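This report concerns only the one structure given below.
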Amino acid sequence: TYLELRDGLVFGSGYYLLDSQVQAATYGQVLEYNNKGRDAAFAALNTISGEPVSTYVFVADPVTGTVQAQNVNPDLIGMSDWDVISSTLQVDDILNEIGRGTGIWASYTHTNPVTGGEEGKRTWLIMHDGLVFGSGYYSSD
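In terms of our numbering, the sequence shown opens at residue 4 and continues consecutively.
The structure is reproduced here in structure tokens:
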């Protein structure tokens, strides 16, 4: 955010770079899914990098919340993550919103894989082909 005082008035401008990056990552994964097919896209997504990352894409079953694919921790694949996300928003509210073809932001506390600490996380969620695709970022603020 940029602020400037002129003639007794404060003028400001800002943008949310992280928001646009995680939205782009999420939609990019949907494109991979469409281009490569489910199995190939999930296999590529499930490749874990050598270094932990704090921004990653995941895919979950909308009914159970079971993680189908993600690239940060292989132990999470097959586990339900809805309890974490639904700590601030009801699952039905999330699914109703993303089921209409729009996305939704969810903010909650989760373990940051880079720091190992509990931090605030902001996650963008969309529905595609009956699956929930999401990506988010951590903030210690």
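We treat Cβ as the ideally placed atom computed from N, Cα and C, and that holds for glycine. Keep in mind the model is a prediction, meaning the values are calculated, not measured.
| request: Pull up the distance between the alpha-carbon of Thr126 and that of Ile101, whole angstroms please. | output: 13 Å
| Segment limits, alpha helix (DSSP H) that includes Leu98 | Val94 to Gly102
| message | If distances are taken between C-alpha atoms only, which option among Leu98, Gly123, Val75 and Thr58 comes closest to Ile129? | response | Leu98
| task | With distances taken Cα to Cα, identify the nearest neighbour of His87 among Val70, Pro77, Asn74 and Val33. | result | The amino acid occupying residue 87 in the given sequence is Val; His does not appear at that position. Distances from the CA of Val87 to each of Val70, Pro77, Asn74 and Val33 were compared; the closest alpha carbon is that of Val70.
| query | Three or more beta-carbon pairs under 8 Å between the region 78–93 and the region 101–120, yes or no? | reply | yes
| Does DSSP classify Thr126 as helix, strand or coil? | strand
| Looking at Val60 and Gln26, is the spacing between their C-beta atoms short of 7 Å? | no
| said: Restricting to Cα atoms, I'd like to know which of Phe45, Ser23, Glu122 and Ile80 is closest to Gly68. | reply: Ile80
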